[in-house]
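*Asks:*
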Amino acid sequence: MAEISNTQFDKLTKDWLKGCGGFINNQCLPKGEPSVQICNPFSKEVCTNVSLPTPELLEAAVTNCSEGHAKWKSLTSDEKAAHLFNLASTIERHFDLLANMECITSGKTLNRIKTQDVANLVQNINYYANLCMLSGCHELNERLLTSDTGVVCIIADEFNEPSLSVSWRIASILAAGNTVLLLVNVKTCLSAFLLAELLCLSNLPAGILNVLPFDENTLENLPNVSKILFTGTYLRSKKVIEKSVLQGIPCETLICHQPVAIVYETADLFSAAEGVLELLFHADTR
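Start counting at 1 in the sequence shown, then tack on 4, and there's your number in the working numbering.
Put into structure tokens, the structure is as follows:
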């Protein structure tokens, strides 16, 4: 994907939607069957069709993440931090495109996404890049509680904060030296696809982040990973927990319909509290 100017993002968004089908090994996957029609939740306009992964493709994504983990964990903390800083810079250069994609995915206003969501995503990645660089591997791994995990599968169910709800997990996992298989609900997967492509533009090693859509049938068998992190509804979480226990995979769940609020230790707590209350107000009025 070539560098873009601010005046081109709307056309590029529509053109890019025609070919998205997942992201593995730093490559966009071609569309296939079966596919699901994706609509803008606000306007109900049909955006595109997204192909669901086969069990073989899901296993290939895990294998690729395992190969990427061997390369990623061998890097020093400074090298990982440099990659994460570069990712944050790449997102900033494609700010409008990602904001427009998130608008299509979530149905929220473009102004809200530009001033809060994407800006917070960049801040979050920079935060963990700084933490990675300043803390050193051992202290960082103890702090993030994800040392030597390997391939972590994030399952992001349909959510009202599609990119923000997973970005805070992705940045911390990568900073600790692990790789990510991100499974996003097919209804809210478009901005996650674009985020993976921006990661590729940042020159991160292949296999660091693979992204695939999922529906109810996709999770009949969970991928064979080191750990599962689930964010979403209570009913879906019960099924994921049951399957993870049967397959012997550690599982952590976050069951919430409210937006994710991240408060850093350097934040003004009074301002942070006001921001959280505002988020809860907007969420409760939907």
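All C-beta atoms in this analysis are idealised placements derived from N, C-alpha and C, irrespective of residue type, glycine included.
Quick caveat: nothing in here was measured; it's all calculated off a predicted structure.
Pull the bridge partners of Q251 from the DSSP assignment, please.
*Replies:* As a working note, residue 251 is residue 247 in the sequence shown. In the DSSP output, where bridge partners are listed per residue, Q251 has none listed.
*Asks:* Is it a yes or a no for the region 40-58 touching the region 212-224, going by three-plus beta-carbon pairs under 8 Å?
*Replies:* In short, these stretches touch, since the Cβ pair count reaches three.
*Asks:* Pull up the distance between the alpha-carbon of L102 and that of L199, whole angstroms please.
*Replies:* For the purposes of this step, residue 102 is taken as residue 98 along the sequence shown, with counting starting at 1. For the purposes of this step, residue 199 is taken as residue 195 along the sequence shown, with counting starting at 1. Approximately 7 Å, taken between the alpha carbons.
*Asks:* Closest to A133 by C-alpha separation, out of I174, F274, T119 and A179, would be which residue?
*Replies:* The count along the sequence shown starts at 1 and reaches residue 133 at position 129. Nearest of I174, F274, T119 and A179 to A133, Cα basis: A179.
*Asks:* Do the CB positions of H73 and S206 come within less than 8 Å of each other?
*Replies:* As a working note, residue 73 is residue 69 in the sequence shown. As a working note, residue 206 is residue 202 in the sequence shown. Going by C-beta atoms, H73 is not nearer than 8 Å to S206.
*Asks:* Just curious, the alpha helix (DSSP H) that V66 is in, first and last residue?
*Replies:* Counted from its first residue, the sequence shown places residue 66 at position 62. It spans P59 to W76 - the alpha helix (DSSP H) in which V66 sits, taken as one unbroken run.
*Asks:* I need the DSSP call for V267, collapsed to helix, strand or coil.
*Replies:* Along the sequence shown, one-based indexing puts residue 267 at 263. Three-state result, V267: coil.
*Asks:* Compute the distance between the beta-carbons of S171 and N115, then report whether it is under 8 Å.
*Replies:* In the sequence shown, residue 171 corresponds to position 167, counting from 1. In the sequence shown, residue 115 corresponds to position 111, counting from 1. Cβ atoms of S171 and N115: not closer than 8 Å.
*Asks:* Find the nearest neighbour of Q31 within the set A265, F46, T80 and A65, judged by alpha-carbon distance.
*Replies:* If you number the sequence shown from 1, residue 31 lands on position 27. Nearest option by C-alpha distance: A65.
*Asks:* Please classify D100 as buried or exposed, where buried requires at least 16 other C-beta atoms within 10 Å of its C-beta.
*Replies:* Position 96 of the sequence shown, counted from the start, is the residue given in the question as residue 100. Label assigned to D100: buried.
*Asks:* Kindly provide the ranges of any beta strand (DSSP E) runs that are 3 or more residues long and lie completely inside the region 191-236, ordered along the chain.
*Replies:* Counting whole runs of 3 or more residues, the region 191-236 contains the beta strand (DSSP E) stretches 213-218 and 231-236.
*Asks:* Can you tell me whether S93 is buried or exposed? The criterion is at least 16 other CB atoms within 10 Å of its CB, across all chains shown.
*Replies:* Reading the sequence shown from its first residue, position 89 is the one you call residue 93. Exposed is the call here.
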